[in-house]
Amino acid sequence: MRAHIRRRFNISQLLLCIGLLFFLFYMLGPVYIMLVTSVTPEREQLAVPPVWLPSQIDFSQYLNILIYADRPENVAARGFVRSLLNTFLVASGVTFLSVTLGSLAAYAYARLKVPFRDKIVFLLLFTEMLPGVVIALPLYLTIRSLGLHDRLVTLMFLECS
């Protein structure tokens with residue numbers, strides 16, 4: 019049987035934990051403020067000094083933007099549900115294409131003898147270093163000439179590349 023080794027108290031580990039907790043609160047602070055503000059009534063949002071915990075939780079803004087978006091008085095919420103659906107479709111398509119094509123290409127590249135392997139790697143790295151602004155105009159002209167502008171599929175392929 020192994021003897022139980024007792025760990026000694028280490029001040030550097032304590033300081034590291036305190037630093038990591040501070041960093042955690044620093045990073046999650048804006049997310050907390052965003053979530054709390056989204057369910058805080060408007061009069062408490064504008065209060066001075068700020069209210070960190072709302073007296074009541076109000077989901078009416080979520081209802082206005084998700085359910086009652088087609089009402090005439092909700093001008094700001096129009097198109098939000100459609101934009102949310104487009105975002106979901108593009109993100110799902112990009113994820114599927116990237117994982118599928120990337121895994122197939124990586125398998126073929128790792129297992130098969132590819133001629134000019136070093137030159138292909140250099141070309142891939144070079145294209146990663148190329149700013150997107152440099153190829154924006156030629157890419158736009160190509161997409162427009164093919165009649166693919168203003169389509170979600172085009173956005174998916176551009177995000178994959």
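All residue numbers for the sequence shown refer to my numbering, where the first residue is 19 and numbers rise by one. All residues carry an ideal CB built from backbone N, CA and C; glycine is no exception. Nothing here was measured: the structure is a model prediction, and the numbers come from that model.
| Item | Value |
| --- | --- |
| Where K137 sits in the DSSP three-state scheme | helix |
| Simplified DSSP assignment, three categories, for V69 | coil |
| Within 9 Å, strictly: CB atoms of V3 and E62 | Because residue 3 is not part of the residues shown, which for the chain are 19 to 179, the question remains open. |
| CB contact flag (G111, L170, <9 Å) | yes |
| Sub-9 Å separation of V57 and F77 beta-carbons | yes |
| Presumed contact (8 Å Cβ cut-off) between V99 and L81, rounded CB distance | At roughly 12 Å, the Cβ-Cβ gap does not stay under 8 Å, so V99 and L81 are not in contact. |
| E91 in three-state terms, based on DSSP | coil |
| Cβ neighbours of I75 in the same chain (closer than 7 Å, five flanking residues each side left out) | V57 |
| Burial state of M174, where buried means 16 or more other Cβ atoms lie within 10 Å | buried |
| Inter-residue spacing [alpha-carbon to alpha-carbon] between T172 and L148 | 20 Å |
| Completely contained alpha helix (DSSP H) runs for the segment 96 to 152, where each covers 4 or more residues | 98 to 129 and 135 to 147 |
| Distance CB(F126)-CB(V132) smaller than 9 Å | This sequence places Ala at residue 126; Phe is not what is there. In contact: A126 and V132 (Cβ atoms closer than 9 Å). |
| Where R5 falls: helix, strand or coil (DSSP) | Absent from the model: residue 5. The displayed extent of the chain is 19 to 179, so no value can be given. |
| Nearest-angstrom Cα separation, counted from E177 out to G165 | 18 Å |
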